[in-house]
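Following this line, the structure appears as structure tokens:
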């Protein structure tokens, strides 16, 4: 027990490269350090993409197991957390592809409106308050999270990968197997639909 | 989507949108993502900027669109806990057990 604790403490102190090397040598304490160091952030990623606690937990197990078996592919060009993040995202996307599609509302009704001359129909908004301040109000934050949740999976996934997880269009296209043009179109429609769902905020209804 | 409603845009602005080299709001919508990603050629960008200067509806739309992206980021951010939530201990154990079975 004492020896195990000492090994874990030593592994906890390792930097990314040394930790990866130790895992590559089959060091269980180093693997545990990896799980504890990055598990929380990675669980949050899986939850955001899958929206189901059981699936997020299964996804995390799968992803860490892959990290264990594929640790030799970590080349140290990015941080270990970044490398792991990509594994978790890929595992979650695989699950989303296999998942039976839930009944989704069409996104079309949430897209911008134009009149017969091609002129935009858009009310005037009051939006001086910064986003960071707005989300301090529980009902604003709740509306934003619920609105993202309402988007059809294909759109929600691209929005989360681009705007929340910070991947660029080329990376998202590579992960989803779609063209970059398709990703850009989907991202734009997802943002436009989200904007429509958030209009109560811009109209001052949630003050 | 075309509706039977009418934009609040004034008559003069409507006429200007139809002049050569001008974009309609619908055309602005089609190029918006390229504009935001900075991939529009310089000349097209200038035409786009001109439309925005003249069109209150597109300016308000773009501001709300950008704010929606910011709100999405802000809603998920946890400044009080930048590394994310703790992994539940039973999940850590399940992950470690799965690795032990793998060998």
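Protein chains in written order, with my numbering: chain X, 328 to 534; chain C, 10 to 112.
Heads up, the beta-carbon is just placed ideally off N, CA and C, and yes, glycines get one too.
According to DSSP, is residue 78 of chain C helix, strand or coil? In the second chain, residue 78 of chain C corresponds to position 69, counting from 1. Looking at residue 78 of chain C - three-state DSSP - the assignment turns out to be helix.
Quick check: residue 484 of chain X and residue 376 of chain X, are their CB atoms within less than 8 Å of each other? Along the first chain, read from residue 1 onward, the residue named residue 484 of chain X stands at position 157. Along the first chain, read from residue 1 onward, the residue named residue 376 of chain X stands at position 49. For residue 484 of chain X and residue 376 of chain X, yes; Cβs fall inside 8 Å.
Just by C-beta distance, which residues in the region 462-487 of chain X are closer than 8 Å to chain C? 462, 467, 468, 471, 472, 475, 486
Measuring alpha carbon to alpha carbon, tell me which residue in C/30, C/85, C/39 is nearest residue 516 of chain X. For the purposes of this step, residue 516 of chain X is taken as residue 189 along the first chain, with counting starting at 1. Residue 516 of chain X has its Cα closest to that of C/39, out of C/30, C/85, C/39.
Can you look up residue 62 of chain C in the DSSP assignment and give me helix, strand or coil? Indexing the second chain from 1 puts residue 62 of chain C at position 53. The answer is helix: DSSP assigns residue 62 of chain C an H, G or I state.
What are the start and end residues of the alpha helix (DSSP H) that includes residue 376 of chain X? Residue numbering aside, residue 376 of chain X sits at position 49 when the first chain is read from its first letter. First-last of the alpha helix (DSSP H) with residue 376 of chain X: 355-377.
Burial state of residue 110 of chain C (16 or more Cβ within 10 Å): Residue 110 of chain C sits at position 101 when you count from the first residue of the second chain. That one is exposed.
Take every Cβ of the region 459-472 of chain X, pair it with every Cβ of the region 490-505 of chain X, and state whether three or more of those distances are shorter than 8 Å. no
Using DSSP with H/G/I as helix, E/B as strand and the rest coil, what is residue 57 of chain C? Along the second chain, read from residue 1 onward, the residue named residue 57 of chain C stands at position 48. Helix, per DSSP.
Under 9 Å from the C-beta of residue 57 of chain C: neighbouring residues of chain X: Position 48 of the second chain holds residue 57 of chain C. Ordered by position in chain X, no residue passes the 9 Å Cβ test against residue 57 of chain C, which lies about 14 Å from the chain.
I'd like to know whether the C-beta atoms of residue 83 of chain C and residue 458 of chain X end up nearer to each other than 8 Å. Looking up residue 83 of chain C in the second chain gives position 74. Looking up residue 458 of chain X in the first chain gives position 131. Yes, the Cβ-Cβ distance between residue 83 of chain C and residue 458 of chain X is below 8 Å.
Which same chain residues end up closer than 7 Å to residue 438 of chain X when comparing Cβ atoms and leaving out the 5 residues on each side of it in sequence? Looking up residue 438 of chain X in the first chain gives position 111. Answer for residue 438 of chain X: 516, 519, 520, listed in chain order.
Between the Cα of residue 411 of chain X and those of X/510, X/532, X/373, spot the shortest distance and give me the residue it belongs to. In the first chain, residue 411 of chain X corresponds to position 84, counting from 1. The option with the nearest alpha carbon to residue 411 of chain X is X/373.
Name the chain C residues whose beta carbon is nearer than 9 Å to that of residue 403 of chain X? As a first step, residue 403 of chain X must be located in the first chain, where it is residue number 76. What residue 403 of chain X touches in chain C: nothing, since even the nearest Cβ is about 21 Å away.
Between residue 494 of chain X and chain C, is the shortest Cβ-Cβ distance under 8 Å, so that the two count as touching? Numbered from 1 along the first chain, position 167 holds the residue referred to as residue 494 of chain X. So no, residue 494 of chain X is outside the interface.
Does the separation of the CB atoms of residue 105 of chain C and residue 359 of chain X fall below 8 Å? Numbered from 1 along the second chain, position 96 holds the residue referred to as residue 105 of chain C. Numbered from 1 along the first chain, position 32 holds the residue referred to as residue 359 of chain X. A contact, by the Cβ cut-off of 8 Å.
Report all residues from its chain with a CB closer than 8 Å to the CB of residue 49 of chain C; omit the five preceding and five following residues, and keep chain order. For this step, residue 49 of chain C is matched to residue 40 along the second chain. Around residue 49 of chain C: 40, 43, 57.
Residue 357 of chain X and residue 338 of chain X - do their beta-carbons sit closer together than 8 Å? What you label residue 338 of chain X is simply residue 11 of the first chain in a count that begins at 1. What you label residue 357 of chain X is simply residue 30 of the first chain in a count that begins at 1. It is a contact, given that the beta carbons lie within the stated cut-off.
Endpoints, the alpha helix (DSSP H) within which residue 98 of chain C is located: Indexing the second chain from 1 puts residue 98 of chain C at position 89. Element bounds for residue 98 of chain C: 98-111.
Selection from X/525, X/422, X/361 that minimises the alpha carbon distance to residue 480 of chain X: Taking the first residue of the first chain as position 1, residue 480 of chain X is located at position 153. When each option's Cα is compared against that of residue 480 of chain X, the closest is X/422.
Identify whether residue 401 of chain X lies in helix, strand or coil by the three-state DSSP scheme. Numbered from 1 along the first chain, position 74 holds the residue referred to as residue 401 of chain X. If DSSP states are grouped into helix, strand and coil, residue 401 of chain X belongs with coil.
Buried or exposed: residue 514 of chain X, going by 16 or more other Cβ atoms within 10 Å of its Cβ? By one-based count along the first chain, residue 514 of chain X stands at place 187. Buried, by the Cβ-count rule.
Output needed in chain order: residues of the region 61-83 of chain C with a Cβ under 8 Å from some Cβ in chain X. 64, 65, 66, 67, 69, 70, 72, 73, 74, 76, 77, 78, 79, 80, 81, 82, 83
Could you name the residues of the region 380-411 of chain X whose beta carbon sits closer than 8 Å to any beta carbon of chain C, in the order they occur along the chain? 384, 387, 388, 391, 392, 395, 396
Contact list for residue 30 of chain C against chain X, beta-carbon separation under 7 Å: In the second chain, counting from the first residue as 1, residue 30 of chain C sits at position 21. Per Cβ cutoff of 7 Å: no residues; residue 30 of chain C is ~15 Å from chain X at best.
Specify the secondary structure class of residue 464 of chain X as computed by DSSP and reduced to three states. One-based indexing of the first chain puts residue 464 of chain X at position 137. Three-state result, residue 464 of chain X: coil.
Taking the C-alpha atoms as reference points, what is the distance between residue 54 of chain C and residue 77 of chain C? To locate residue 54 of chain C, count along the second chain from 1; it is residue 45. To locate residue 77 of chain C, count along the second chain from 1; it is residue 68. Going from the Cα of residue 54 of chain C to the Cα of residue 77 of chain C covers about 23 Å.
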